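Q: Residue numbers for the sequence shown follow our numbering, so the first one is 456 and each next one is one higher. Positions of the beta carbon are idealized from the N, C-alpha and C atoms, including for glycine. Bear in mind the structure is a predicted one, so any value in this text is a computation, not a measurement. Following this message is one structure expressed as structure tokens.
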Amino acid sequence: MILMSPPCQPFTRIGLQGDMTDPRTRSFLYILDILPRLQKLPNYILLENVKGFEVSSTRELLIQTIEACDFQYQEFLLSPSSLGIPNSRLRYFLIAKLQSEPFPFQAPGQILMEFPKIVTVEPQKYAVVDKSKLRAKRTGPRICTESSSTQCSGKDAILFKLETAEEMDRKHQQDSDVSVQMLKDFLEDGDMDQYLLAPRSLLRYALLLDIVRPTSRRSMCFTKGYGSYIEGTGSVLQTAEDVQIENIYKSLTDLPPEEKIAKLSMLKLRYFTPKEIANLHGFPPEFGFPEKTTVKQRYRLLGNSLNVHVVAELLTVLCEGWGSASEGSQCASNSRQ
Numbered sequence: 456m457i458l459m460s461p462p463c464q465p466f467t468r469i470g471l472q473g474d475m476t477d478p479r480t481r482s483f484l485y486i487l488d489i490l491p492r493l494q495k496l497p498n499y500i501l502l503e504n505v506k507g508f509e510v511s512s513t514r515e516l517l518i519q520t521i522e523a524c525d526f527q528y529q530e531f532l533l534s535p536s537s538l539g540i541p542n543s544r545l546r547y548f549l550i551a552k553l554q555s556e557p558f559p560f561q562a563p564g565q566i567l568m569e570f571p572k573i574v575t576v577e578p579q580k581y582a583v584v585d586k587s588k589l590r591a592k593r594t595g596p597r598i599c600t601e602s603s604s605t606q607c608s609g610k611d612a613i614l615f616k617l618e619t620a621e622e623m624d625r626k627h628q629q630d631s632d633v634s635v636q637m638l639k640d641f642l643e644d645g646d647m648d649q650y651l652l653a654p655r656s657l658l659r660y661a662l663l664l665d666i667v668r669p670t671s672r673r674s675m676c677f678t679k680g681y682g683s684y685i686e687g688t689g690s691v692l693q694t695a696e697d698v699q700i701e702n703i704y705k706s707l708t709d710l711p712p713e714e715k716i717a718k719l720s721m722l723k724l725r726y727f728t729p730k731e732i733a734n735l736h737g738f739p740p741e742f743g744f745p746e747k748t749t750v751k752q753r754y755r756l757l758g759n760s761l762n763v764h765v766v767a768e769l770l771t772v773l774c775e776g777w778g779s780a781s782e783g784s785q786c787a788s789n790s791r792q
């Protein structure tokens, strides 16, 4: 089995989307070059990358290569929220197997937006993305997403903070989805004062914060810049649950800086701890970092990590959909470990 997570920077806007010309892609291109020349091909392939990889030239070369090697494959855009985990971390995945029979759920030319079940079904029963439309979407108008931290243009009236009515409604719907766990199931107990946001951060970034509560059923994707940067790096937790956030923000406009800080401090906003982010990623309870690893280093490592539950589910689908029952069961068991 080959498990791959090539560097994502060449396929993001922050990384300037160098794609195949980016030096960080060379190692992956090398693998694609030698794959057809291997004496023994792998039985399985699982690849992960950021959203954006699906419209890259590198992805096109990947598909050409595995098709030439007679792999059956399926692509996905999946987030942990699909498994009831209150965290958005949308990622591109590809699973492939070396066998003539296609997956029972295979949808050629489409990207599945949810996990398949190991049963024979019609592809159209799944939420899918038509890959022929992806490039048009990439260059289309900007859309307000959960990672957006600036005001979006449009006719929607701006409410408190820099959010549209549409964004507020979407977040309310997410918090009302009982199929997703509450954040409190992933939080640590004890004194968390060291993770409280500094007064200057409250004052400067108050309108950019994505604020959630322990009873919320959502959180933004946590990036490697979490804890060091505010904008678009992840949600912050409101620990004073008896305080109404709307009342705090609506009274800020005409206050001097000192009083604004005092008001915002009433929310007791803090960062999620590295352990809590690891919990959301599906790391086992016994997981821990070496003592000498700084908090900043822990955030950086977690921001570059994968969600264990999502990968395990895909490995289970990949293994149970191929080979004998005993082989599938063994592979699925290994993936969970």
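(1) Using a Cβ-Cβ cut-off of 6 Å (strictly less than) and excluding sequence neighbours within five positions of Asn734, which residues of its own chain qualify?
(2) Keeping to the same chain, check which residues put their C-beta closer than 7 Å to that of Gln629; ignore five residues upstream and five downstream.
(3) Which value, in whole angstroms, describes the spacing of the CA atoms of His736 and Asp525?
(4) Find out if the Cβ-Cβ distance for the pair Phe548, Leu502 is shorter than 8 Å.
(5) Relative to the alpha-carbon of Pro491, which residue among Val505, Ser720, Glu509, Leu516 has its alpha-carbon at the smallest distance?
(6) With DSSP collapsed to three states, give me the class of Arg673.
(7) Taking the DSSP output, what are the residues bridged to Lys552?
(8) Give every residue of the same chain whose Cβ lies closer than 8 Å to the Cβ of Pro497, excluding the five residues on either side of it in the sequence, and list them in chain order.
(9) Taking Arg668 as part of the alpha helix (DSSP H), name the residues at either end of that continuous run.
(10) Return helix, strand or coil for Gln519, following the three-state DSSP convention.
(11) I'd like to confirm the pairing. Which residues does DSSP put opposite Val691 in its beta bridges?
(12) What do you get for Cys463, buried or exposed, if any count of 16 or more other CB atoms within 10 angstroms of its CB means buried?
(13) Would you kindly report the start and end of the unbroken beta strand (DSSP E) that includes Ile685?
(14) When you compare only the Cα positions, how much space is there between Ala767 and Ala620?
(15) With 16 other CB atoms within 10 Å as the buried threshold, where does Ala661 fall?
(16) At what residues does the alpha helix (DSSP H) containing Ile540 begin and finish?
(17) Quick check: the Cα distance between Leu756 and Ser534, rounded to an integer number of angstroms?
(18) If you draw a straight line from the C-alpha of Thr771 to the C-alpha of Leu638, how long is it?
(19) Please report the straight-line C-alpha distance between Pro559 and Phe531, rounded to a whole angstrom.
(20) Kindly indicate which residue of Asp624, Glu556, Thr513, Ala653 has the alpha-carbon position closest to the one of Ile716.
(21) Could you check whether Leu707 and Leu813 sit closer than 8 Å to each other, using their CB atoms as the reference points?
(22) Quickly, what does DSSP pair Val505 with across the bridge? List them, please.
(23) Just grab the DSSP bridge partners of Met459 for me.
(24) By Cβ distance below 6 Å, which residues in the same chain neighbour Met475 in space, the five residues on each side in sequence not counted?
(25) Is it buried or exposed, Leu439, if we count other Cβ atoms within 10 angstroms and call 16 or more buried?
A: By the coordinates alone:
(1) Phe641
(2) Arg672, Arg673
(3) 33 Å
(4) yes
(5) Leu516
(6) coil
(7) Tyr499, Gln527
(8) Met456, Ile457, Leu553
(9) Unbroken run through Arg668: none, as it is neither H nor E.
(10) helix
(11) Ile666, Tyr726
(12) buried
(13) Unbroken run through Ile685: none, as it is neither H nor E.
(14) 36 Å
(15) buried
(16) Ile540 -> no alpha helix (DSSP H), and no H or E assigned at all.
(17) 19 Å
(18) 26 Å
(19) 15 Å
(20) Ala653
(21) The question about residue 813 has no answer here: the residues shown for the chain are numbered 456 through 792.
(22) Arg546
(23) Leu502
(24) Ser512, Thr513
(25) In the structure as shown, the chain begins at 456 and stops at 792. Residue 439 is therefore absent and cannot be evaluated.
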